[in-house]
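Asker:
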Amino acid sequence: MTAIDSEAIVVDDVTVRYGDIVALDGASLTLRAGTVCGLVGMNGSGKSTLFKTIMGLVRPDAGTVTVHGRAPRDARRSASIGYVPQSEDIDWQFPVSVEDVVMTGRYGQLGFTRRSRREDRAAVDDALARVELTEYRQRQIGRLSGGQRKRAFVARGIAQGASILLLDEPFAGVDKRTEATITAQLRALAADGVTVLVSTHDLHALPALADEAILLMRKVLVHDTPETVLKPENLVRAFGVDPLDLAPGGAA
Ligand SMILES: Nc1ncnc2c1ncn2[C@@H]1O[C@H](COP(=O)(O)OP(=O)(O)OP(=O)(O)O)[C@@H](O)[C@H]1O
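Counted the way full-length UniProt numbering counts, the sequence shown spans residues 1 to 252.
1. Is there contact here, the segment 14-24 with the segment 59-70, by at least three beta-carbon pairs under 8 Å?
2. With a cut-off of 5 Å, give the chain-ordered residues whose Cβ is closer than this to any heavy atom of ligand 1.
3. Which class does Y18 belong to by DSSP, given the choice of helix, strand or coil?
4. Counting pairs of Cβ atoms below 8 Å between the segment 31-44 and the segment 182-201, do you hit three or more?
5. Measure the alpha-carbon distance for G108 versus D126 and round it to whole angstroms.
6. For the segment 31-96, list the beta strand (DSSP E) runs that are entirely contained and at least 3 residues long, ordered along the chain.
7. Return yes when at least one heavy atom of ligand 2 lies under 7 Å from the C-beta of L128, else no.
8. Under the three-state reduction of DSSP, which class applies to G157: helix, strand or coil?
9. Is the segment 7-19 touching the segment 181-192, taking contact as three or more C-beta pairs under 8 Å?
10. Can you give me the Cβ contacts of G157 inside the same chain, cut-off strictly under 6 Å, excluding the 5 residues immediately before and after it?
11. For I4, collect the residues of the same chain with a Cβ closer than 6 Å to its Cβ; drop the 5 residues on either side in sequence, then sort them by chain order.
12. So, with DSSP's three-state summary, where would you put S6?
And the structure:
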């Protein structure tokens with residue numbers, strides 16, 4: 001693999017504005033294939049905007065994004081990039097079952113008839129088993145708990161078979177067991193060469209989850225190992241205070 005091939009995501013000096021609000025201000029990063037990168041920053045620091053920009057759902061006002069050397073929209077159309085959005089962005093009343101949701105991850109591979117083939121059904125079965133949701137497969141998606149909903153959308157990302165997976169706060173409101181299940185699956189995907197970018201507010205879990213981490217504050221403040229990113233001087237730059245000192249019981 002050449003150096004360029006191994007660069008899964010390249011964000012180069014990207015600025016995104018929503019009217020007067022500057023959500024990203026000259027953000028740059030490069031992610032190598034097969035790594036899990038944790039994305040950390042305070043509320044409003046631009047994490048969701050960065051995901052949407054990498055997906056090609058938001059167009060940068062300045063700068064460029066390439067995904068395996070291609071424009072994000074092209075990568076999205078070819079299903080080589082998958083996105084697990086924040087729970088608030090999903091319509092939970094929609095009358096679809098868990099397995100229907102996971103099957104939508106296969107739409108990029110289905111023909112225009114959208115008829116699932118044996119390999120699609122096998123991918124859905126495998127993804128459901130990986131996140132321990134097999135017994136809930138027939139249930140309407142809104143009749144799951146918060147943690148089960150997260151797992152359903154992680155399964156959808158897995159079933160897609162994308163080489164890049166973006167996850168926006170998959171651990172929000174989930175219990176430790178679910179967090180461990182999702183973490184193990186993301187690590188397994190990375191071992192298979194998938195590039196994973198995952199935002200999280202759970203700083204304690206970052207070293208177990210990620211090979212590297214990014215501190216975002218409209219731009220990339222630090223991109224290094226989780227241990228370096230978690231140094232108090234770096235967290236103070238991103239959060240104004242050391243959030244680990246604010247946790248119950250004090251510092252980690
Ligand atoms: N559609 C929008 N229209 C206007 N402003 C927006 C929009 N989406 C985000 N913003 C603003 O852009 C900034 C970055 O928001 P973004 O959602 O990317 O942050 P975030 O880091 O994901 O936050 P959180 O941790 O709360 O999810 C914020 O100031 C937010 O209010």
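Using N, Cα and C, we set each Cβ at its ideal position, and we do this for glycine too.
Answerer: If we stick to the structure as given:
1. yes
2. Y18, I21, A23, N43, G44, S45, G46, K47, S48, T49
3. strand
4. Contact between the segment 31-44 and the segment 182-201 is present, because at least three Cβ pairs lie under 8 Å.
5. 18 Å
6. Runs found: 36-40, 62-67, 81-84.
7. Here the bound small molecules are ligand 1; ligand 2 is not part of this structure.
8. helix
9. no
10. G82, V84, L165
11. Note that I4 has pLDDT 49, beneath the 50 cutoff, so the model's placement of it is unreliable and no number is given.
12. helix
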